[in-house]
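**Student:** Take this structure first; my questions come after.
Numbering (the working numbering), first residue to last: 5 to 215.
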(Lines of atoms letter the chains of each structure in order from A and count residues from 1; the text may use other names and numbers.)
(Lines give C-alpha, C1' and ligand atoms only; values in the text may rest on other atoms or scores of the structure.)
Protein backbone atom coordinates (compact mmCIF):
# COMPACT_ATOMS: atom_id res chain seq x y z
CA UNK A 1 0.00 0.00 0.00
CA UNK A 2 2.83 2.40 0.83
CA UNK A 3 4.05 2.55 -2.77
CA UNK A 4 0.70 3.99 -3.86
CA UNK A 5 0.24 6.61 -1.13
CA UNK A 6 1.36 9.46 -3.38
CA UNK A 7 -1.19 8.42 -6.02
CA UNK A 8 -3.95 8.06 -3.45
CA UNK A 9 -3.32 11.51 -2.06
CA UNK A 10 -4.07 12.88 -5.54
CA UNK A 11 -7.42 11.08 -5.56
CA UNK A 12 -10.30 13.55 -4.94
CA UNK A 13 -11.84 11.10 -2.47
CA UNK A 14 -8.97 11.58 -0.01
CA UNK A 15 -8.56 15.34 -0.31
CA UNK A 16 -7.85 16.75 3.13
CA UNK A 17 -6.90 13.38 4.65
CA UNK A 18 -3.40 13.51 6.22
CA UNK A 19 -0.97 11.05 4.60
CA UNK A 20 -0.15 9.48 7.98
CA UNK A 21 -3.81 8.60 8.53
CA UNK A 22 -4.47 7.17 5.07
CA UNK A 23 -3.10 3.60 5.55
CA UNK A 24 -5.10 3.11 8.74
CA UNK A 25 -8.25 4.51 7.16
CA UNK A 26 -7.95 2.17 4.16
CA UNK A 27 -7.28 -0.86 6.34
CA UNK A 28 -10.31 -0.09 8.50
CA UNK A 29 -12.45 0.34 5.39
CA UNK A 30 -11.46 -3.09 4.04
CA UNK A 31 -9.59 -1.77 1.01
CA UNK A 32 -7.95 -4.33 -1.30
CA UNK A 33 -5.45 -3.98 -4.13
CA UNK A 34 -5.83 -6.14 -7.24
CA UNK A 35 -3.69 -6.29 -10.38
CA UNK A 36 -4.98 -6.96 -13.89
CA UNK A 37 -3.60 -7.66 -17.35
CA UNK A 38 -4.50 -5.79 -20.54
CA UNK A 39 -8.16 -6.21 -21.47
CA UNK A 40 -9.16 -7.78 -18.15
CA UNK A 41 -12.70 -6.95 -17.07
CA UNK A 42 -12.76 -4.99 -13.83
CA UNK A 43 -16.52 -4.61 -13.66
CA UNK A 44 -19.09 -6.09 -16.03
CA UNK A 45 -22.20 -4.31 -17.25
CA UNK A 46 -25.27 -5.84 -15.62
CA UNK A 47 -23.65 -6.73 -12.31
CA UNK A 48 -24.45 -4.88 -9.11
CA UNK A 49 -21.42 -3.22 -7.52
CA UNK A 50 -21.07 -2.93 -3.77
CA UNK A 51 -17.56 -1.55 -4.14
CA UNK A 52 -15.87 1.00 -6.35
CA UNK A 53 -12.34 1.28 -7.66
CA UNK A 54 -9.47 3.74 -7.76
CA UNK A 55 -6.84 3.30 -10.46
CA UNK A 56 -3.39 3.02 -8.88
CA UNK A 57 -1.26 2.14 -11.92
CA UNK A 58 -1.90 1.74 -15.63
CA UNK A 59 -5.32 2.87 -16.81
CA UNK A 60 -8.93 1.75 -17.01
CA UNK A 61 -11.52 2.35 -19.70
CA UNK A 62 -15.29 2.53 -19.38
CA UNK A 63 -17.24 1.07 -22.31
CA UNK A 64 -20.93 0.99 -23.15
CA UNK A 65 -22.26 -1.64 -25.54
CA UNK A 66 -25.57 -1.46 -27.43
CA UNK A 67 -27.86 -4.35 -28.34
CA UNK A 68 -26.00 -4.87 -31.64
CA UNK A 69 -22.66 -5.26 -29.91
CA UNK A 70 -21.29 -1.85 -30.91
CA UNK A 71 -19.06 -0.40 -28.21
CA UNK A 72 -18.59 3.26 -27.33
CA UNK A 73 -15.76 4.50 -25.14
CA UNK A 74 -17.10 6.66 -22.33
CA UNK A 75 -13.94 7.48 -20.40
CA UNK A 76 -10.30 6.61 -19.84
CA UNK A 77 -9.22 6.69 -16.21
CA UNK A 78 -5.67 7.44 -15.12
CA UNK A 79 -3.95 6.76 -11.75
CA UNK A 80 -5.74 8.50 -8.90
CA UNK A 81 -9.14 8.51 -10.59
CA UNK A 82 -12.11 6.64 -9.04
CA UNK A 83 -14.78 4.77 -10.98
CA UNK A 84 -18.16 3.06 -10.38
CA UNK A 85 -18.75 5.02 -7.16
CA UNK A 86 -22.12 6.27 -8.45
CA UNK A 87 -23.34 2.72 -9.16
CA UNK A 88 -22.05 1.51 -5.80
CA UNK A 89 -23.87 4.37 -4.11
CA UNK A 90 -27.20 3.68 -5.84
CA UNK A 91 -26.93 -0.09 -5.68
CA UNK A 92 -28.17 -0.36 -9.28
CA UNK A 93 -26.77 -2.68 -11.99
CA UNK A 94 -23.90 -1.23 -13.98
CA UNK A 95 -24.71 0.08 -17.45
CA UNK A 96 -21.02 0.17 -18.42
CA UNK A 97 -18.11 -2.25 -18.46
CA UNK A 98 -14.73 -1.31 -16.96
CA UNK A 99 -11.61 -2.85 -18.51
CA UNK A 100 -7.89 -2.63 -17.84
CA UNK A 101 -6.03 -0.67 -20.53
CA UNK A 102 -2.60 -2.21 -20.06
CA UNK A 103 -1.13 -3.66 -16.89
CA UNK A 104 -3.31 -2.08 -14.23
CA UNK A 105 -3.55 -1.97 -10.43
CA UNK A 106 -6.83 -1.04 -8.76
CA UNK A 107 -7.71 -0.27 -5.16
CA UNK A 108 -11.19 -1.58 -4.34
CA UNK A 109 -13.24 0.02 -1.56
CA UNK A 110 -16.60 -1.15 -0.17
CA UNK A 111 -18.93 1.80 -0.63
CA UNK A 112 -20.74 1.32 2.68
CA UNK A 113 -17.53 1.49 4.70
CA UNK A 114 -16.73 4.90 3.19
CA UNK A 115 -20.23 6.41 3.18
CA UNK A 116 -20.96 5.57 6.80
CA UNK A 117 -17.85 7.35 7.99
CA UNK A 118 -19.35 10.73 7.18
CA UNK A 119 -17.37 13.94 7.45
CA UNK A 120 -14.67 14.76 4.91
CA UNK A 121 -14.97 11.52 2.93
CA UNK A 122 -18.69 11.98 2.32
CA UNK A 123 -18.10 15.55 1.22
CA UNK A 124 -15.39 14.32 -1.15
CA UNK A 125 -17.74 11.66 -2.54
CA UNK A 126 -20.31 14.34 -3.35
CA UNK A 127 -17.62 16.33 -5.13
CA UNK A 128 -16.69 13.22 -7.10
CA UNK A 129 -20.32 12.71 -8.15
CA UNK A 130 -20.52 16.33 -9.25
CA UNK A 131 -17.31 15.99 -11.29
CA UNK A 132 -18.66 12.88 -13.05
CA UNK A 133 -21.87 14.72 -13.87
CA UNK A 134 -19.87 17.58 -15.34
CA UNK A 135 -17.80 15.14 -17.41
CA UNK A 136 -20.88 13.41 -18.83
CA UNK A 137 -22.49 16.75 -19.60
CA UNK A 138 -19.41 17.66 -21.62
CA UNK A 139 -19.53 14.40 -23.57
CA UNK A 140 -23.20 14.92 -24.36
CA UNK A 141 -22.28 18.35 -25.69
CA UNK A 142 -19.66 16.82 -28.02
CA UNK A 143 -21.99 14.12 -29.31
CA UNK A 144 -24.87 16.55 -29.83
CA UNK A 145 -22.95 18.25 -32.64
CA UNK A 146 -24.37 17.51 -36.08
CA UNK A 147 -21.19 16.52 -37.91
CA UNK A 148 -18.08 14.54 -37.01
CA UNK A 149 -16.01 17.63 -37.78
CA UNK A 150 -17.93 19.62 -35.16
CA UNK A 151 -17.69 16.75 -32.65
CA UNK A 152 -13.92 16.50 -33.08
CA UNK A 153 -13.41 20.26 -32.76
CA UNK A 154 -15.67 20.39 -29.70
CA UNK A 155 -13.62 17.70 -27.97
CA UNK A 156 -10.25 19.18 -28.96
CA UNK A 157 -11.32 22.67 -27.88
CA UNK A 158 -12.27 21.28 -24.47
CA UNK A 159 -8.89 19.55 -24.14
CA UNK A 160 -7.11 22.78 -25.11
CA UNK A 161 -9.09 24.69 -22.49
CA UNK A 162 -8.21 22.13 -19.80
CA UNK A 163 -4.53 22.25 -20.72
CA UNK A 164 -4.54 26.05 -20.80
CA UNK A 165 -2.68 25.96 -24.10
CA UNK A 166 -3.31 25.65 -27.83
CA UNK A 167 -0.82 22.76 -27.82
CA UNK A 168 -1.86 19.75 -25.77
CA UNK A 169 -1.82 15.97 -25.58
CA UNK A 170 -5.05 13.98 -25.45
CA UNK A 171 -5.26 10.75 -23.39
CA UNK A 172 -6.76 8.73 -26.27
CA UNK A 173 -5.26 7.05 -29.32
CA UNK A 174 -7.03 7.38 -32.67
CA UNK A 175 -9.27 4.33 -32.25
CA UNK A 176 -10.20 5.34 -28.71
CA UNK A 177 -11.02 8.87 -29.85
CA UNK A 178 -13.22 7.46 -32.62
CA UNK A 179 -15.01 5.25 -30.07
CA UNK A 180 -15.41 8.19 -27.70
CA UNK A 181 -17.02 10.27 -30.46
CA UNK A 182 -19.12 7.29 -31.63
CA UNK A 183 -17.49 7.46 -35.06
CA UNK A 184 -15.67 5.26 -37.55
CA UNK A 185 -11.90 5.49 -37.21
CA UNK A 186 -11.27 6.04 -40.94
CA UNK A 187 -13.90 8.77 -41.04
CA UNK A 188 -12.30 10.49 -38.05
CA UNK A 189 -8.85 10.27 -39.65
CA UNK A 190 -10.24 11.84 -42.81
CA UNK A 191 -11.78 14.70 -40.81
CA UNK A 192 -8.55 15.37 -38.91
CA UNK A 193 -6.52 15.32 -42.13
CA UNK A 194 -8.95 17.76 -43.70
CA UNK A 195 -8.69 20.11 -40.72
CA UNK A 196 -4.91 19.98 -40.96
CA UNK A 197 -4.97 20.78 -44.67
CA UNK A 198 -7.25 23.74 -43.98
CA UNK A 199 -4.79 25.10 -41.39
CA UNK A 200 -7.20 24.65 -38.49
CA UNK A 201 -4.87 22.40 -36.52
CA UNK A 202 -1.74 20.29 -36.62
CA UNK A 203 -1.17 16.96 -34.92
CA UNK A 204 1.28 14.11 -34.44
CA UNK A 205 -0.19 10.98 -32.88
CA UNK A 206 -2.06 12.24 -29.80
CA UNK A 207 -0.46 15.70 -29.60
CA UNK A 208 -2.53 18.49 -31.16
CA UNK A 209 -2.13 22.22 -31.75
CA UNK A 210 -5.10 24.43 -32.58
CA UNK A 211 -4.03 27.21 -34.95
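C-beta: ideal position from N, C-alpha, C; glycine also.
Hey, out of 112, 129, 62, whose CA is closest to residue 38's CA?
**Tutor:** Checking every option, the nearest Cα to that of residue 38 belongs to 112.
**Student:** Is the Cβ-Cβ distance between residue 108 and residue 61 less than 8 Å?
**Tutor:** For residue 108 and residue 61, yes; Cβs fall inside 8 Å.
**Student:** From the DSSP output, in three-state form, read off residue 7 for me.
**Tutor:** Residue state, collapsed to three classes: helix.
**Student:** Please classify residue 128 as buried or exposed, where buried requires at least 16 neighbouring CB atoms within 10 angstroms.
**Tutor:** Counting Cβ neighbours within 10 Å, residue 128 comes out buried, since at least 16 surround it.
**Student:** Do the stretch 80-100 and the stretch 132-151 meet, that is, are 3 or more Cβ pairs less than 8 Å apart?
**Tutor:** As far as the Cβ criterion goes, the stretch 80-100 touches the stretch 132-151, which means the pair count is three or higher.
**Student:** Looking only at its own chain, which residues have a Cβ that is under 7 Å from the Cβ of residue 14, when we skip the five neighbours before and after it?
**Tutor:** The answer, listed in chain order, is 84.
**Student:** Residues bridged to residue 57 by DSSP?
**Tutor:** DSSP output for residue 57 lists 87, 112 as bridge partner(s).
**Student:** By the three-class DSSP mapping on this structure, what secondary structure does residue 144 have?
**Tutor:** Three-state result, residue 144: helix.
**Student:** Give the range of the alpha helix (DSSP H) segment to which residue 190 is assigned.
**Tutor:** Where residue 190 is concerned, the enclosing alpha helix (DSSP H) stretches over 189-201.
**Student:** Out of 9, 184, 41, which one is the CA nearest neighbour of residue 69?
**Tutor:** Answer by Cα proximity: 184.
**Student:** So if DSSP puts residue 205 in a beta bridge, which residue, or which two residues, is it bridged to?
**Tutor:** Residue 205 pairs with 214.
**Student:** Going by the beta-carbon positions, is the gap between residue 88 and residue 57 smaller than 8 Å?
**Tutor:** The answer is yes: Cβ separation under 8 Å.
**Student:** What does the alpha-carbon distance come out to for the pair residue 86 and residue 50?
**Tutor:** Approximately 19 Å, taken between the alpha carbons.
**Student:** Please check the pair residue 64 and residue 78, which I expect to be a contact at CB under 8 Å, by giving their CB distance rounded to whole angstroms.
**Tutor:** Not confirmed; about 11 Å, so no contact.
**Student:** Are residue 186 and residue 76 touching if we call contact CB-CB under 8 Å?
**Tutor:** Yes, they are a contact pair.
**Student:** My output table needs one value for residue 97: the three-state DSSP class, helix, strand or coil.
**Tutor:** Residue 97: strand per DSSP, three-state reduction.
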